[in-house]
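Notes follow the structure.
In the numbering used here, the protein residues as written are 20 to 1060.
Right under this line is the structure:
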């Protein structure tokens, strides 16, 4: 008897027994008993998607909590925690929609609170994004959908920002759901797709205001397609030509208007210049719509028919679902009814207002610049494909659908048209919008990624890969790769340069490389002959796509797992430095050892709240003192103070503490700003500049150290000596510093109230917002750079307001955080327009006369890019009328004629005689001697009238490298005056550099100062000091010893 028969008999006997005993006979085996292969029927294609999803899960979760929180992340993480902690949540449009906060609170409830869990929802949504192209197979084709999943998997931007607690990954998923619902509804007319689309839309609204851009693109395309469907062939042609003609007309008209419209007499930009960005935006969107219309199907009708099916009956349930979700989320489950207003009118109003703020101050080409550093396939394949597809449509050679596409040719044409329009409109709108940030690049990248995948996938499906393989295609691709490497080696050598040993060796290496290249070319020619032109082109495309994918993966790995905390990555923006977690670990250790728990009392200031507050929340006894140090706060065992407030805190701290210096937040170097065609051409011809950018692109390697990083916010942690002495093993993490030195300037300090206080905080006439530079004209008029209000305010010799000129912007007569100012003997005014990287020239009434300068990073080479600036800070004019400008970031001083013609340059990067490290203030005394505030070298350098080095005066101040510690100078026949911004005082030296007097202290009374910025002397010897954070101008009638 065989086993099967025995089993059958046993089963029958069992069933009979069950009947005899009254038990129910089993009807079959449970699904728990079935083999997995019988439960899950997975095809090879689905197995690939499963592997991609597993890879995405690993890449999104690995080391998710290692990176320090950025500024924005800490806000999102902390307010989510407050909701979880029972403190509630009130919607604020400044932090976008409520969905993120409520989802994160749920995650905290389920998995606890940590950096890892704070980023868990975006990470899981990032995994979902990798799998979502599966549902677009009928539109992208099977190979195209797989390509899209792979591109999303390895995308540096998608990977980095799916490991980042921001709203953008939420919106990306919601955007894909909207698109999926739209095209499936047009295809099937099934109400479920309306419901999905409505749900995605309302979740997008509850996520962030960028959904309005997505909605605008989707709505305008639906209108375009529906209008197209209802027109005959003649009117369709007219529609395409009309859109293209109107777009071209607007672009040409505004360009001509701008060229014919000089600035107003006040130096303000013309109306044409103000309108140009918006008009060009409309023109480019119209041109994009014209291009997309050429791809719409000739018979058409699908969109118009679909719209006819959108009745009130079909919309009732989707609208009800939208209303319910909106009310529930924006009221935070009925606990904040004001959210109904803030989530509707308030959100739209705030988003529109932000466009004028232009947070980040990025140029219009920001995303064009950023994409080649990260998104290589969308940039090098997606963008060119837009133009190629439109060109082929004009030439009536449309791109064919992928063979595996599951829709009719008509629907496929709608899809391709939508991808092209989405790509153009998204890139144009996000580039036009006032706020441009690195995390927003994911939105214009998404359609380009799908378009690139569509093109690559269709190409893949149309190739005969077996024939290509058999004819030696892989070998040809490999040989072409080796030939490219050999060419790079040949280009890097300088043969026949001389007869020295090194030169002969270079010549030998070059000749050897040439022999290798020729041999490779010979073999490649053989394979190319076998394959023919078409096959060789396939091999070249395989190589190109493969290299783009490899470099993309490399940049993704570097950004997310190597440089994730370092501002060498452009994605690391307003981001906490690695020091932040070091400090938190030290606080934990001190607290554990001194209080047996998280009960350490430490104090911290306003400028260190974000992102530190996320980490400080776990210390219940922390003391927050804002920007006003108090005796109680300054007596804590540990005091944390930002460099901007350190001068206020030092008098309270005395010599009872050890000081440790750290970085809080930093930003990437933005020397891509201010690009012009002339500068780009000059850079392309400069081998050093090309080498610099090659190093940045390939290695993220900059020619400066993190110590000298220009864009960082620093803080100091003061640990009381008695506390540190208890930490006998803290030397592993804290190098014990020497005791704090005494202040040599305190010995000559005296209380000196200002003789006159001019101005107050505000934007009205005679009011200030962070005043910086000050100068006195030949008639006694006082010129003050009102930096925060982006203008120059003019007062008479008695301090009475006269007028002001300037406004925020980049056009002539407009300023972007101006700092320095000087007035010539003829009354002409010169303003250091710092972050427009230029000097502007006006007459005494504020009428614009000229300007010069553009952005350049000279890497400390004084002779490079004459006339260009990193960020001009201070201006001085000698007796002959020559204009001297401190080019602070480029570590030099430049000399110009009164009309702005470059004359000479002085200095270079370093700490030797005549060298500079962050030169700011410059002054000229009546004898013609020059004095330069060499800030980060903590000295004043002295030069004679020919700018020949004479001496240096070492200072015991100017330690901070904050954005506000920029000291200015003034000089008369006997003394040199210097501001000590973070010491809240003015220092007075004799002509030998000996300190003779100091006055000023932290405060807002007549003798107090809060970050004094600049100073100037009038003909009567009176000293004017801009008290920047008190928003006033101080006059001292006798500022001498």
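Note that the Cβ used here is the ideal one computed from N, Cα and C, for glycine as well.
Since this is a predicted model, take the numbers as computed values, not measurements.
Closest by C-alpha distance to residue i, when choosing among the options
| i | options | result |
| --- | --- | --- |
| residue 580 | 73, 70, 49 and 87 | 87 |
| residue 809 | 820, 1015 and 826 | 826 |
| residue 102 | 92, 201, 120 and 222 | 120 |
| residue 1022 | 583, 1047 and 439 | 1047 |
| residue 852 | 820, 806 and 821 | 806 |
| residue 1032 | 1059, 76, 994 and 987 | 987 |
| residue 186 | 209, 550 and 137 | 137 |
| residue 148 | 134, 131 and 193 | 193 |
| residue 622 | 609, 932, 640 and 89 | 640 |
| residue 274 | 455, 406, 300 and 522 | 300 |
| residue 74 | 105, 459, 60 and 150 | 150 |
| residue 64 | 162, 127 and 112 | 162 |
| residue 525 | 650, 512, 627 and 270 | 512 |
Beta-carbon contacts of residue i that lie in its chain and below 8 angstroms, excluding the five residues immediately before and after
| i | result |
| --- | --- |
| residue 400 | 471, 474, 475, 564 and 567 |
| residue 41 | Because the pLDDT at residue 41 is just 45, under 50, the model does not fix this residue reliably, and the value given afterwards should be weighed accordingly. The answer is none, since no qualifying residue turns up. |
| residue 868 | 847, 860, 861 and 862 |
| residue 981 | 661, 662, 663, 732, 733 and 1001 |
| residue 76 | 146 |
| residue 32 | Low confidence applies here, because residue 32 scores a pLDDT of 44, under 50, leaving its location unreliable; read the following figure in that light. There are no such residues. |
Rounded Cβ spacing between residue i and residue j (contact assumed at less than 8 angstroms)
| i | j | result |
| --- | --- | --- |
| residue 595 | residue 657 | Not quite, the Cβ-Cβ distance comes to about 19 angstroms (not below 8 angstroms), so this is no contact. |
| residue 906 | residue 943 | At roughly 17 angstroms, the Cβ-Cβ gap does not stay under 8 angstroms, so residue 906 and residue 943 are not in contact. |
| residue 954 | residue 920 | Not really, about 28 angstroms apart at Cβ, beyond 8 angstroms. |
| residue 183 | residue 141 | 6 angstroms |
| residue 1043 | residue 1034 | 6 angstroms |
| residue 440 | residue 307 | 6 angstroms |
| residue 173 | residue 464 | The pair is not a contact, with the Cβ atoms about 13 angstroms apart (cut-off 8 angstroms). |
Identified DSSP bridge partners for residue i
| i | result |
| --- | --- |
| residue 595 | 684 |
| residue 848 | 842 and 861 |
| residue 790 | 805 |
| residue 891 | 906 |
| residue 812 | 803 and 823 |
| residue 833 | 826 |
| residue 776 | 1053 |
| residue 1045 | 1052 |
Neighbourhood of residue i by C-beta distance below 6 angstroms, restricted to the same chain and skipping five residues each side
| i | result |
| --- | --- |
| residue 284 | Unreliable positioning characterises residue 284 in this predicted model, as indicated by a pLDDT of 44, which lies under 50. A coordinate reading is not provided. |
| residue 750 | Bear in mind that the predicted position of residue 750 carries a pLDDT of just 47, short of 50, making it unreliable; the figure below should be weighed with that in mind. Result list for residue 750: empty, nothing under 6 angstroms. |
| residue 28 | Unreliable positioning characterises residue 28 in this predicted model, as indicated by a pLDDT of 42, which lies under 50. The coordinate reading is nonetheless provided below. So no residue of the chain qualifies. |
| residue 1049 | 1023 and 1029 |
| residue 266 | 302, 305 and 306 |
| residue 168 | 71, 149 and 152 |
| residue 369 | 112 |
| residue 355 | 109 |
| residue 558 | 492, 495 and 496 |
Close-in-space but distant-in-sequence residues of the same chain around residue i (CB under 7 angstroms, 5 per side omitted)
| i | result |
| --- | --- |
| residue 934 | 926, 927 and 928 |
| residue 221 | 341, 344 and 345 |
| residue 1006 | 764, 997, 999, 1014 and 1017 |
| residue 1040 | 991 |
| residue 911 | 881, 924, 925, 926, 927 and 935 |
| residue 740 | 675, 676 and 677 |
| residue 451 | 296 and 300 |
| residue 794 | 802, 840, 841, 842 and 1035 |
Within-8 angstroms CB hit, residue i to chain D
| i | result |
| --- | --- |
| residue 188 | Among the protein chains of the structure shown there is no chain D, as only one such chain exists. |
Contact between the region 377-388 and the region 688-697 (3+ Cβ pairs under 8 angstroms): yes
Determine, using beta-carbon pairs with one atom in the region 246-266 and one in the region 309-325, whether at least three such pairs fall under 8 angstroms. yes
Three-pair Cβ contact test at 8 angstroms for the region 228-238 versus the region 151-164: no
So, does the region 432-440 touch the region 303-312, judging by three or more C-beta pairs under 8 angstroms? yes
Specify whether the region 319-336 and the region 181-197 touch according to this definition: at least 3 beta carbon pairs, one from each stretch, less than 8 angstroms apart. no
Specify whether the region 91-105 and the region 65-78 touch according to this definition: at least 3 beta carbon pairs, one from each stretch, less than 8 angstroms apart. no
Is it the case that the region 232-244 contacts the region 362-371, given that we only count it when at least three CB pairs across the two stretches are under 8 angstroms? no
Between the region 622-637 and the region 964-977, are three or more C-beta pairs nearer than 8 angstroms? no
Closer than 8 angstroms is the cut-off here; do at least three beta carbon pairs connect the region 120-135 with the region 443-458? no
Validate contact between the region 412-427 and the region 490-506 using beta carbons, cut 8 angstroms, 3 pairs: no
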